[in-house]
Amino acid sequence: MPELPEVETVRRTLKNFIIGKEITEIRVHYDKIVSGNTDTFVTALTGQTILDIDRVGKYLVFILDQDAFISHLRMEGKYNIVDASKPLSKHEHLTFVLSDGTELRYQDTRKFGRLALVNKESYRQDLPLCKLGPEPWDADPKAIYARIHQSNLPIKTLLLDQTIMTGIGNIYANEICFTLKINPTTPGKRVSKKRVVELIAVSKEILAQAIVQGGTTIHSFDANGITGLFQMQLQVHLQKVCPVCNGAVIKKMVRGRGTYYCPTCQKKKG
DNA sequence: CATTCGACCTGCTTGC
DNA sequence: TGCAAGCAGGTCGAAT
999 MPELPEVETV
1009 RRTLKNFIIG
1019 KEITEIRVHY
1029 DKIVSGNTDT
1039 FVTALTGQTI
1049 LDIDRVGKYL
1059 VFILDQDAFI
1069 SHLRMEGKYN
1079 IVDASKPLSK
1089 HEHLTFVLSD
1099 GTELRYQDTR
1109 KFGRLALVNK
1119 ESYRQDLPLC
1129 KLGPEPWDAD
1139 PKAIYARIHQ
1149 SNLPIKTLLL
1159 DQTIMTGIGN
1169 IYANEICFTL
1179 KINPTTPGKR
1189 VSKKRVVELI
1199 AVSKEILAQA
1209 IVQGGTTIHS
1219 FDANGITGLF
1229 QMQLQVHLQK
1239 VCPVCNGAVI
1249 KKMVRGRGTY
1259 YCPTCQKKKG
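Heads up, our numbering is the position in the first sequence plus 998, with the first residue counted as 1.
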């Protein structure tokens, strides 16, 4: 489900409920949800206390006494905090039994998400996180421009490339292009330095705004779990009418991803 | 190396 | 109504 703002909202919300608690037992109900060896994961983490939750791009990083593990929610992953007596639901694939009688459960309808044991001291330098580019607020415009400028791929596709910048997903890629009035199919090569600077600035603004909205909308969790789902005002994504010119919004597939844009407002090629 | 394309999964919507 | 195809807020690995 999530792009960076949703993951950040999940991180903040989850922290209120699990910091300082010990994982007394781990039950894996769907083996493939854990990357690498499941027994190793379970054995290593059982008995450790959750000290903090970090985030790198769209990854959550749970910091424990001795180890850490990363969790990527992919399309539909979410966390539930429930009383231990609550029956396991169909799509809950992993349960962390906590020391206070609650359980942290990972739920994922499509089973795309993954959890993996990582080295607490070096996870940012290790795979897979070391592959990620900077988040927009840490991005060096020169470096980003260098990457974008050498590619013929559509700018929208490049925004989704987590090795260039991390955190942007399909929805925000569409929104960012709309805000900048840039045609999402514009080849990276044709995007000017100035436009790249603007692209980074807009990415920052939109993600930051989304985090604020997530923070104000989601104070806790409910039966739907901690999803970070929030109702941000979308300008083009899933829209039919352009809010600026009232013209029809177009939907087309760009490199396999649903892409929405206004053909009138987003004519600019760079 | 950069890029493409299918794979990974389930469920909801759409169209015949 | 029934059923198949298409699509969903993401990433990876194999092939080109």
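Backbone N, C-alpha and C define an ideal beta-carbon position, used for all residues, glycine too.
A straight-line Cα-Cα distance of about 17 Å links Arg-1253 and Glu-1173.
If only uninterrupted alpha helix (DSSP H) runs of at least 4 residues are considered, those enclosed by the stretch 1070-1156 are 1139-1147. In the displayed model, Leu-1236 falls within coil according to three-state DSSP, outside both helix and strand.
Counting other Cβ atoms within 10 Å of its Cβ, Ala-1208 reaches 16 or more and is therefore classed as buried.
In the three-state DSSP reduction, Lys-1249 falls in the strand class (E or B). Collapsing the DSSP output to three states places Thr-1262 in coil.
Note that the stretch 1185-1198 touches the stretch 1134-1149; at least 3 beta-carbon pairs, one per stretch, sit closer than 8 Å. For Thr-1036, there is no enclosing beta strand (DSSP E); the enclosing alpha helix (DSSP H) has its first and last residue at 1036-1043.
The DSSP assignment places complete alpha helix (DSSP H) segments of no fewer than 4 residues inside the stretch 1157-1184 at 1168-1178, in order along the chain. The beta-carbon separation of Arg-1053 and Val-1005, rounded to 6 Å, stays under the 8 Å limit for a contact. Non-local C-beta neighbours of Val-1194 in its own chain, meaning closer than 7 Å and more than five positions away in sequence, comprise Pro-1139, Ile-1142, Tyr-1143 and Ile-1146, ordered along the chain. Counting of Cβ neighbours within 10 angstroms places Pro-1261 among the exposed residues, the total staying below 16.
Using a Cβ distance threshold of 8 Å, Lys-1202 and Trp-1135 count as a contacting pair. For the pair Gly-1256 and Asn-1181, the CB atoms are not nearer than the 8 Å cut-off. Rounded to whole angstroms, the gap between the alpha carbons of Leu-1156 and Val-1059 is 25 Å. Sequence-distant Cβ neighbours of Met-1251 in its own chain, meaning closer than 8 Å and more than five residues away, are Thr-1257. The beta-carbon separation of Val-1032 and Leu-1127, rounded to 17 Å, does not stay under the 8 Å limit for a contact. Under the DSSP definition of a beta bridge, Arg-1193 lacks any partner.
According to the DSSP assignment, Thr-1022 belongs to the beta strand (DSSP E) that extends over 1021-1026.
Separation of Gln-1148 and Pro-1185 (C-alpha to C-alpha, rounded to the nearest whole angstrom) is 10 Å. One alpha carbon belongs to Phe-1067, the other to Ile-1162, and they sit about 24 Å apart.
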